[in-house]
Structures are given as structure tokens and as C-alpha cells.
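Chemist: Sequential numbering from 144 applies to the sequence shown in my numbering.
A virtual CB, placed ideally from N, CA and C, is assigned to each residue, including glycine.
Being a predicted model, the structure only gives us computed values, none of them experimental.
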Amino acid sequence: QLPSGEIIENARMGPGEYFGEIALLMDVPRTATIVTSQPTQLLSIQAEDFKQLIWHSKGVNRALERTASRRYHFYSQTIGRTANNV
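(1) Assuming Ile106 and Phe162 make a contact with CB atoms under 8 Å, what is their CB distance in whole Å?
(2) Taking the alpha-carbon of Asn181 as reference, which of Gly157, His216, Ser200 and Arg173 has the nearest alpha-carbon?
(3) When the Cα of Glu152 is compared with those of Trp198, Ala175, Ser187 and Leu168, which residue comes out closest?
(4) Three-state secondary structure (DSSP) at Phe193?
(5) Suppose you measure from the CA of Ser233 to the CA of Ile165; what does that come to, to the nearest Å?
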């Protein structure tokens with residue numbers, strides 16, 4: 144959200160997609176606010192349970208790290224472009 148109150152949409156997600164992995168994998172504050180456009184059912188996982196999952200499943204760990212890295216770079220570029228336009 145910009146200081147003017149305008150909300151910037153960075154991405155749209157669909158059924159079965161997930162978010163929040165950057166904060167969990169990198170142990171940092173969340174990088175985005177999620178707003179749904181329709182009624183939505185969500186699943187929440189506690190940080191400790193998430194850490195156990197990726198510790199015991201290297202395939203899940205690698206997939207999440209790739210997704211987190213791709214999203215982090217995308218959001219960093221988007222924020223940079225948005226800041227230049229403010």
C-alpha cells in the first residue's frame with residue numbers, strides 16, 4: 144500500500160497456492176499483505192511445524208526455497224519500481 148492509500152497488486156493466486164514462505168524460511172517479518180477477492184478457506188501452519196516439515200522433506204524444502212527466492216526477487220523489483228514512481 145502506498146502512502147496515498149492506493150493498494151498495489153503484485154500477484155494473483157489460485158486454488159492450492161501458498162504464501163508466507165519467505166518469512167518462514169528466512170526468519171524475517173512478512174513481506175506482503177494478502178487480500179482475498181472472494182470467500183477463501185486458508186490453512187495456517189505454525190512456524191515450528193513448518194520447520195519440522197522442511198527438515199524431514201528435502202524435496203519440499205528445495206521447492207519452497209526456489210519459490211521463496213523467485214518471489215522475493217520479484218517483490219524486490221516491484222517495490223523498487225513502485226518507489227521510483229511515487
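Modeler: This is what the structure holds:
(1) For residue 106 there is no data in the structure shown, the boundaries of the chain being 144 and 229.
(2) It should be noted that the sequence gives Gln, not Asn, for residue 181. Selected option, being the one with the closest Cα: Gly157.
(3) Out of Trp198, Ala175, Ser187 and Leu168, Ala175 has the C-alpha closest to the C-alpha of Glu152.
(4) Reduced to three states, the DSSP call for Phe193 is helix.
(5) Residue numbering for the chain in the displayed model covers 144 to 229; residue 233 lies beyond these limits and cannot be assessed.
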